[in-house]
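S.K.: Those sequence lines, one after another, are chains A and B.
Under numbering that gives the first Met the number 0, the first residue of the first sequence carries the number 0, and numbering increases by one thereafter.
Under numbering that gives the first Met the number 0, the first residue of the second sequence carries the number 0, and numbering increases by one thereafter.
Number of protein chains: 2
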Amino acid sequence: MENGVDILIRGGTLLTMSEAMEIVHDPVIGIRDGKILFVDRQDRLTAPIRAKETVDASHSIIMPGLVNTHTHLPMIFFRGLADDLPLMDWLNNHIFPAEAKHVNREMVYAGSLLAIAEMILSGTTTFCDGYFYESSVAQAAIDAGMRAVTAQGFIDPPAGGNGNLSKYIEIAERFIDKWRGKSGLLTPALFCHSPYTCSPDTLKAIKKVSRGAKVPYIVHLAETRDEVRMIRERYGVSPVMHLERSGVLDDATIAVHCVWLEEKDLEMLATRGVKVSHNPESNMKLASGVAPVPDMLKKGITVGLGTDGSASNNDLDLLMEMDTAAKIHKVFRGDPTVMSAMTVLKMATIRGAGVLNLADSIGSVEAGKYADIILVDTRKPHLTPLYNCYSQLVYAANGADVSTVIINGKVVLKERRFPGLDIEDILDRARKIAGEIGKTGR
Amino acid sequence: MENGVDILIRGGTLLTMSEAMEIVHDPVIGIRDGKILFVDRQDRLTAPIRAKETVDASHSIIMPGLVNTHTHLPMIFFRGLADDLPLMDWLNNHIFPAEAKHVNREMVYAGSLLAIAEMILSGTTTFCDGYFYESSVAQAAIDAGMRAVTAQGFIDPPAGGNGNLSKYIEIAERFIDKWRGKSGLLTPALFCHSPYTCSPDTLKAIKKVSRGAKVPYIVHLAETRDEVRMIRERYGVSPVMHLERSGVLDDATIAVHCVWLEEKDLEMLATRGVKVSHNPESNMKLASGVAPVPDMLKKGITVGLGTDGSASNNDLDLLMEMDTAAKIHKVFRGDPTVMSAMTVLKMATIRGAGVLNLADSIGSVEAGKYADIILVDTRKPHLTPLYNCYSQLVYAANGADVSTVIINGKVVLKERRFPGLDIEDILDRARKIAGEIGKTGR
Numbered sequence: 000m001e002n003g004v005d006i007l008i009r010g011g012t013l014l015t016m017s018e019a020m021e022i023v024h025d026p027v028i029g030i031r032d033g034k035i036l037f038v039d040r041q042d043r044l045t046a047p048i049r050a051k052e053t054v055d056a057s058h059s060i061i062m063p064g065l066v067n068t069h070t071h072l073p074m075i076f077f078r079g080l081a082d083d084l085p086l087m088d089w090l091n092n093h094i095f096p097a098e099a100k101h102v103n104r105e106m107v108y109a110g111s112l113l114a115i116a117e118m119i120l121s122g123t124t125t126f127c128d129g130y131f132y133e134s135s136v137a138q139a140a141i142d143a144g145m146r147a148v149t150a151q152g153f154i155d156p157p158a159g160g161n162g163n164l165s166k167y168i169e170i171a172e173r174f175i176d177k178w179r180g181k182s183g184l185l186t187p188a189l190f191c192h193s194p195y196t197c198s199p200d201t202l203k204a205i206k207k208v209s210r211g212a213k214v215p216y217i218v219h220l221a222e223t224r225d226e227v228r229m230i231r232e233r234y235g236v237s238p239v240m241h242l243e244r245s246g247v248l249d250d251a252t253i254a255v256h257c258v259w260l261e262e263k264d265l266e267m268l269a270t271r272g273v274k275v276s277h278n279p280e281s282n283m284k285l286a287s288g289v290a291p292v293p294d295m296l297k298k299g300i301t302v303g304l305g306t307d308g309s310a311s312n313n314d315l316d317l318l319m320e321m322d323t324a325a326k327i328h329k330v331f332r333g334d335p336t337v338m339s340a341m342t343v344l345k346m347a348t349i350r351g352a353g354v355l356n357l358a359d360s361i362g363s364v365e366a367g368k369y370a371d372i373i374l375v376d377t378r379k380p381h382l383t384p385l386y387n388c389y390s391q392l393v394y395a396a397n398g399a400d401v402s403t404v405i406i407n408g409k410v411v412l413k414e415r416r417f418p419g420l421d422i423e424d425i426l427d428r429a430r431k432i433a434g435e436i437g438k439t440g441r
Numbered sequence: 000m001e002n003g004v005d006i007l008i009r010g011g012t013l014l015t016m017s018e019a020m021e022i023v024h025d026p027v028i029g030i031r032d033g034k035i036l037f038v039d040r041q042d043r044l045t046a047p048i049r050a051k052e053t054v055d056a057s058h059s060i061i062m063p064g065l066v067n068t069h070t071h072l073p074m075i076f077f078r079g080l081a082d083d084l085p086l087m088d089w090l091n092n093h094i095f096p097a098e099a100k101h102v103n104r105e106m107v108y109a110g111s112l113l114a115i116a117e118m119i120l121s122g123t124t125t126f127c128d129g130y131f132y133e134s135s136v137a138q139a140a141i142d143a144g145m146r147a148v149t150a151q152g153f154i155d156p157p158a159g160g161n162g163n164l165s166k167y168i169e170i171a172e173r174f175i176d177k178w179r180g181k182s183g184l185l186t187p188a189l190f191c192h193s194p195y196t197c198s199p200d201t202l203k204a205i206k207k208v209s210r211g212a213k214v215p216y217i218v219h220l221a222e223t224r225d226e227v228r229m230i231r232e233r234y235g236v237s238p239v240m241h242l243e244r245s246g247v248l249d250d251a252t253i254a255v256h257c258v259w260l261e262e263k264d265l266e267m268l269a270t271r272g273v274k275v276s277h278n279p280e281s282n283m284k285l286a287s288g289v290a291p292v293p294d295m296l297k298k299g300i301t302v303g304l305g306t307d308g309s310a311s312n313n314d315l316d317l318l319m320e321m322d323t324a325a326k327i328h329k330v331f332r333g334d335p336t337v338m339s340a341m342t343v344l345k346m347a348t349i350r351g352a353g354v355l356n357l358a359d360s361i362g363s364v365e366a367g368k369y370a371d372i373i374l375v376d377t378r379k380p381h382l383t384p385l386y387n388c389y390s391q392l393v394y395a396a397n398g399a400d401v402s403t404v405i406i407n408g409k410v411v412l413k414e415r416r417f418p419g420l421d422i423e424d425i426l427d428r429a430r431k432i433a434g435e436i437g438k439t440g441r
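1. For the segment 298 to 336 of chain B, list the alpha helix (DSSP H) runs that are entirely contained and at least 4 residues long, ordered along the chain.
2. State the beta-bridge partners of Pro293/B as determined by DSSP.
3. From what residue to what residue does the beta strand (DSSP E) around Leu65/A run?
4. Let me know the beta strand (DSSP E) ranges lying completely inside the segment 155 to 221 of chain B, each 3 residues or longer, listed in chain order.
5. Taking DSSP's pairing of strands, which residues face Arg9/B in a bridge?
6. Using a beta-carbon distance below 8 Å, is Ala340/B in contact with chain A?
7. Between Phe417/A and chain B, is the shortest Cβ-Cβ distance under 8 Å, so that the two count as touching?
8. I'd like to know whether the C-beta atoms of Val393/A and Val375/A end up nearer to each other than 8 Å.
9. Step through the CB atoms of chain A and report whether any lies within less than 8 Å of the CB of Arg228/B.
10. Where does Lys263/B sit, in a helix, a strand or coil, going by DSSP?
11. 8 Å is my cut-off, CB to CB: does Tyr234/A come that close to chain B?
12. Just the chain A side, please: which residues come within less than 7 Å of Lys298/B by C-beta, in chain order?
13. Within 8 Å of any Cβ in chain B, is that where the Cβ of Lys345/A sits?
14. Per DSSP, which one or two residues make a beta bridge with Ala50/A?
15. Quick check: the segment 42 to 51 of chain A against the segment 322 to 333 of chain A, are there 3 or more CB pairs under 8 Å?
16. Which residues of chain B have a Cβ atom closer than 9 Å to the Cβ of Ile442/A, listed in chain order?
17. Tell me, please, whether the CB atom of Leu86/B is closer than 8 Å to any CB atom in chain A?
18. Check the DSSP bridge columns for Gln151/A and list the partner residues they point to.
19. Let me know if Phe76/B comes out buried or exposed under the rule of 16 or more other beta-carbons within 10 Å of its beta-carbon.
20. Which residue or residues does DSSP assign as beta-bridge partners of Val275/B?
21. Any chance the CB of Glu280/A is under 7 Å from a heavy atom of the ligand FMN?
22. Closer than 9 Å by beta-carbon distance: list the chain A residues that pair up with Tyr195/B, in chain order.
23. Relative to the alpha-carbon of Leu296/B, which residue among Phe131/B, Leu268/B, Arg146/B has its alpha-carbon at the smallest distance?
24. Hey, how far is the Cα of Asn356/A from the Cα of Gly303/A?
25. Please classify Phe417/A: does DSSP put it in a helix, a strand, or coil?
26. Going by the beta-carbon positions, is the gap between Pro279/B and Ala352/B smaller than 8 Å?
27. Are Pro445/A and Tyr130/A closer than 8 Å when you measure CB to CB?
28. Applying the 10 Å Cβ sphere with the 16-neighbour rule, what's the burial state of Phe95/A?
29. Using 8 Å as the limit for Cβ to Cβ distance, is Met0/B near chain A?
30. Note down the Cα distance separating Gly440/B from Tyr167/B, rounded to an integer number of angstroms.
31. Quick check on Ser390/A - is its C-beta less than 8 Å from some C-beta in chain B?
32. Report the rounded CA-to-CA distance for Ala429/B versus Val107/B, giving the unit in angstroms.
33. Nearest-angstrom Cα distance between Asn397/A and Ser57/B?
34. Check whether the segment 200 to 209 of chain B touches the segment 163 to 177 of chain B, counting contact only when three or more Cβ pairs, one atom from each stretch, lie closer than 8 Å.
35. So what's Met62/B in DSSP terms, helix, strand or just coil?
36. Using a Cβ cut-off of 7 Å, pull out every chain B residue sitting near Ile327/A, in sequence order please.
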């Protein structure tokens with residue numbers, strides 16, 4: 000500590016989300032060179048610490064930044080464009096046509112910046128995204144100073160048949176080469192849309208690249224009953240077993256949704272070490288179903304939370320997603336003990352980091368990890384009284400209670416203002432693009 | 000208009016929530032003597048209007064204030080005290096003992112003020128409350144300038160048997176006499192806790208008083224499977240039929256929860272014109288079940304939204320409650336069309352007003368009604384782009400987006416500050432009381 004720190008956080012209550020779930024009252028946290036240098040109690044400090052910047056966390060809950068394990072950031076432009084419709088009508092007559100017409104590099108970049116602003120304002124410090132023109136998402140993350148896993152998307156032509164595999168492989172390899180090592184904030188990844196929109200050959204080809212490059216492989220899986228029916232008709236097995244047969248299940252696979260699983264599917268996911276991204280609000284809004292998360296947890300599967308894209312949620316607020324996650328499983332199982340506030344808070348932090356294979360470097364506030372830290376201001380009527388921080392965060396707080404956000408040791412949000420982003424410009428650009436989509440998108 | 004108006008709201012987009020669901024772009028709304036004098040379009044004004052106060056609503060959605068049809072305000076002191084527990088453990092070992100020890104006039108008043116501040120900050124302008132020491136709730140509503148239906152609560156001794164009926168009747172009559180006509184903001188009412196905690200004689204005696212005085216009669220009904228079992232064991236019929244036999248069902252009865260209903264129960268509620276308060280978040284958190292609201296709506300039953308008390312939600316934010324209400328029915332029925340954003344927005348405004356028999360005077364922004372109006376600031380990342388106001392409010396907004404609140408023609412919240420409440424004092428008093436509860440409450 001002789002050289003001082005870049006940032007010193009003092010006061011409040013720290014939820015470390017460490018394995019022991021240690022809570023530190025009136026803590027002092029030192030941050031240097033992007034990392035957490037030490038975590039201690041103020042009353043144990045023997046000498047003053049020199050700091051370039053001090054953050055007063057009195058009256059705040061301090062905790063690791065939230066990890067959004069599944070998003071499609073540019074779909075923020077389709078938020079509220081079409082809702083309350085049958086899934087296939089929504090996809091085929093609204094979302095897919097709007098994507099065909101409006102998705103381009105500029106739109107993806109502008110939408111990603113807007114979505115990143117929304118996420119920072121609601122306490123998310125890491126997101127995992129899958130879409131097209133994903134390089135624009137990656138660039139937006141770096142420009143905004145946000146940590147991200149960005150996955151280039153692959154989907155076969157809707158007419159059926161394979162896409163051009165060698166072209167896919169080239170795109171995948173180029174994407175990884177372009178972004179690997181470019182920034183400590185960024186992990187490139189690959190995203191096969193689903194077993195019903197990607198042929199087995201496509202699934203395998205992309206998995207081969209991701210294995211070779213040791214990057215995450217993301218796939219929507221068992222989201223709807225229709226998907227299960229479709230895959231059974233085509234391949235004679237469940238979606239999970241179809242992926243197993245295709246050889247793409249391993250501990251670098253992030254399976255998103257996993258709503259319709261049989262017992263042997265669950266066992267296979269556990270055996271292969273597959274990670275699961277649970278997106279309860281999207282699954283509810285699209286009437287897909289309720290994922291068997293309590294069973295996944297019993298089997299030791301690592302489960303994180305995701306918001307999904309803004310067209311099917313319609314926000315990127317993980318604090319509200321936690322509330323929904325805790326409640327939906329209680330009512331679905333008829334058991335209020337089945338999903339505790341602490342469990343969902345783990346899913347939104349350390350377990351989410353585990354889903355992205357980043358649990359060694361983020362997801363908790365411990366010395367040695369990257370300094371991805373948020374402060375929640377508790378001096379508000381709806382957060383008073385405060386008996387239990389876990390309960391309060393899950394059941395009473397929402398994204399707007401996040402006051403300060405630190406990512407990679409930099410303050411990216413301070414008292415809900417962005418030191419480094421021109422938010423008015425981001426909103427103006429987004430409104431301009433949305434104006435065009437609103438005119439012709441539907 | 001020759002005399003000018005007290006408040007003039009200009010600009011933005013007005014969702015009137017009138018029967019025709021009229022939307023007015025760039026409106027002008029005149030308010031005088033607590034009421035809405037006129038609603039027009041700015042471009043149709045021929046002469047300037049004199050106003051004591053002008054509210055600039057550019058970039059805002061203007062809409063009627065939200066109506067919370069079921070709360071227990073003082074339970075705000077038990078928010079987060081005990082969560083994720085089996086219902087009977089939660090009630091018998093945590094909530095009931097805490098109530099026995101800590102509920103008193105001062106606690107009820109302090110808790111009500113805190114809860115009212117939370118509700119105003121999240122856009123609620125009318126609440127319907129049932130608790131003990133309800134005069135303190137009523138006084139808090141008047142002191143804070145909030146519209147309320149306040150219901151004195153009755154519950155028989157847990158040992159069983161009737162309470163003292165003549166004493167009950169005296170308390171009920173005295174409560175109504177005390178508050179009737181005291182303030183245009185307040186409607187006194189009576190609240191029998193439930194068919195399993197109130198004997199048929201108690202249910203009937205209180206109903207007789209409420210009929211005579213023409214005030215609402217509130218009762219928890221068919222909340223859990225256990226209740227249905229208990230009532231069937233005791234009386235041989237369903238909870239609804241038990242209340243029908245007791246003669247307490249009519250169009251001034253507000254039945255809260257109504258989760259476990261059979262077809263004939265639904266028909267009986269419709270036949271008697273009973274109003275229903277739907278509390279989805281509480282029903283989810285306590286794992287009670289999902290109320291058959293789509294069926295209620297098909298039968299023409301008037302359904303409003305409620306948050307329930309803060310111990311079982313754990314907030315009073317109706318904007319988030321709308322989100323949950325829309326989503327839970329979709330996933331529960333496997334049909335994304337079953338509950339639209341517009342339908343839940345009606346439940347939170349004009350239908351909620353109907354539940355309280357106040358639809359002639361509040362619940363929509365129309366000339367002649369009381370001026371209970373809120374503004375939602377849309378200049379935020381999570382509310383951008385904005386294609387559809389109903390969707391945005393239900394699926395993307397939360398209480399913190401409410402900027403300005405007008406109740407009874409008075410601005411009670413302006414840019415999220417209270418002109419008339421000392422919020423720091425309210426928080427301090429609440430923290431003091433909560434400090435005692437936290438020490439000994441569990």
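Positions of the beta carbon are idealized from the N, C-alpha and C atoms, including for glycine.
M.R.: Quick answer:
1. 317 to 332
2. Taking the first residue of the second sequence as position 1, residue 293/B is located at position 294. In DSSP, Pro293/B forms no bridge with anything.
3. Stepping through the first sequence from its first residue, residue 65/A is reached at position 66. First-last of the beta strand (DSSP E) with Leu65/A: 65 to 70.
4. 185 to 191, 216 to 220
5. On the second sequence, position 10 is the one that residue 9/B refers to. Arg9/B is bridged to Val27/B, Asp55/B.
6. For the purposes of this step, residue 340/B is taken as the residue at position 341 of the second sequence. Interface residue, yes.
7. Indexing the first sequence from 1 puts residue 417/A at position 418. With 8 Å as the cut-off, Phe417/A does not count as an interface residue toward chain B.
8. Here residue 393/A refers to the residue found at position 394 of the first sequence. Here residue 375/A refers to the residue found at position 376 of the first sequence. The answer is no: Cβ separation not under 8 Å.
9. On the second sequence, residue 228/B is found 229 positions in, with the first residue counted as 1. Not one chain A Cβ lies under 8 Å of Arg228/B.
10. Residue mapping note: residue 263/B aligns to position 264 of the second sequence, counting from 1. The answer is helix: DSSP assigns Lys263/B an H, G or I state.
11. Here residue 234/A refers to the residue found at position 235 when the first sequence is read from its first residue. No, Tyr234/A lies away from the interface with chain B (no Cβ there is under 8 Å from its Cβ).
12. Numbered from 1 along the second sequence, position 299 holds the residue referred to as residue 298/B. Per Cβ cutoff of 7 Å: no residues; Lys298/B is ~21 Å from chain A at best.
13. Position 346 of the first sequence, counted from the first residue, corresponds to residue 345/A. No, its Cβ sits nowhere closer than 8 Å to a Cβ of chain B.
14. Translated into positions along the first sequence, residue 50/A becomes position 51. Beta-bridge pairing links Ala50/A to Val4/A.
15. no
16. With chain A represented from 0 up to 441, any question about residue 442/A goes unanswered, as that position is not in the structure.
17. Here residue 86/B refers to the residue found at position 87 of the second sequence. It does: the Cβ of Leu86/B has a partner Cβ on chain A nearer than 8 Å.
18. Your numbering for residue 151/A matches position 152 in the first sequence. DSSP lists Tyr130/A, Leu189/A as partners of Gln151/A.
19. Your numbering for residue 76/B matches position 77 in the second sequence. Label assigned to Phe76/B: buried.
20. Here residue 275/B is taken as the residue at index 276 of the second sequence, counted from 1. Paired residues: Ala254/B, Val302/B.
21. The ligand content of the structure shown is nil, which means the ligand FMN is not present either.
22. Against the second sequence, residue 195/B aligns to sequence position 196. Those within 9 Å of Tyr195/B in chain A number zero; the least Cβ separation is about 19 Å.
23. Working through the second sequence from its first residue, we reach residue 296/B at position 297. For Leu296/B, the nearest C-alpha among the options comes from Leu268/B.
24. For the purposes of this step, residue 356/A is taken as residue 357 along the first sequence, with counting starting at 1. For the purposes of this step, residue 303/A is taken as residue 304 along the first sequence, with counting starting at 1. Taking the straight line from one Cα to the other gives about 11 Å.
25. Along the first sequence, read from residue 1 onward, the residue named residue 417/A stands at position 418. Note: Phe417/A maps to coil in three-state DSSP.
26. In the second sequence, counting from the first residue as 1, residue 279/B sits at position 280. In the second sequence, counting from the first residue as 1, residue 352/B sits at position 353. Not in contact: Pro279/B and Ala352/B (Cβ atoms no closer than 8 Å).
27. Outside the displayed span of chain A (0 to 441) sits residue 445/A, for which this structure offers no information.
28. By 1-based counting over the first sequence, the position of residue 95/A is 96. Answer is exposed; the Cβ neighbour count stays below 16.
29. In the second sequence, the residue the question calls residue 0/B occupies position 1. Confidence is the limiting factor: at Met0/B the pLDDT is only 49, short of 50, which leaves the residue's position unreliable, though a coordinate-based value still follows. No, because no Cβ of chain A sits closer than 8 Å to the Cβ of Met0/B.
30. The sequence position of residue 440/B within the second sequence is 441, counting from 1. The sequence position of residue 167/B within the second sequence is 168, counting from 1. Any answer about Gly440/B is weak, because its pLDDT of 45 lies below 50 and its placement is not dependable; what the coordinates show is given next. Near 28 Å, if we compare the C-alpha coordinates of Tyr167/B and Gly440/B.
31. Translated into positions along the first sequence, residue 390/A becomes position 391. Chain B, which has a Cβ nearer than 8 Å to the Cβ of Ser390/A, makes this yes.
32. Here residue 429/B corresponds to residue number 430 of the second sequence, with the count starting at 1. Here residue 107/B corresponds to residue number 108 of the second sequence, with the count starting at 1. Spanning the two alpha carbons is a distance of roughly 10 Å.
33. Locating residue 397/A in the first sequence gives position 398, where the first residue counts as 1. Locating residue 57/B in the second sequence gives position 58, where the first residue counts as 1. Straight-line Cα distance between these residues: approximately 25 Å.
34. yes
35. Counted from its first residue, the second sequence places residue 62/B at position 63. Three-state result, Met62/B: strand.
36. Translated into positions along the first sequence, residue 327/A becomes position 328. Under the 7 Å cutoff, chain B gives Met283.
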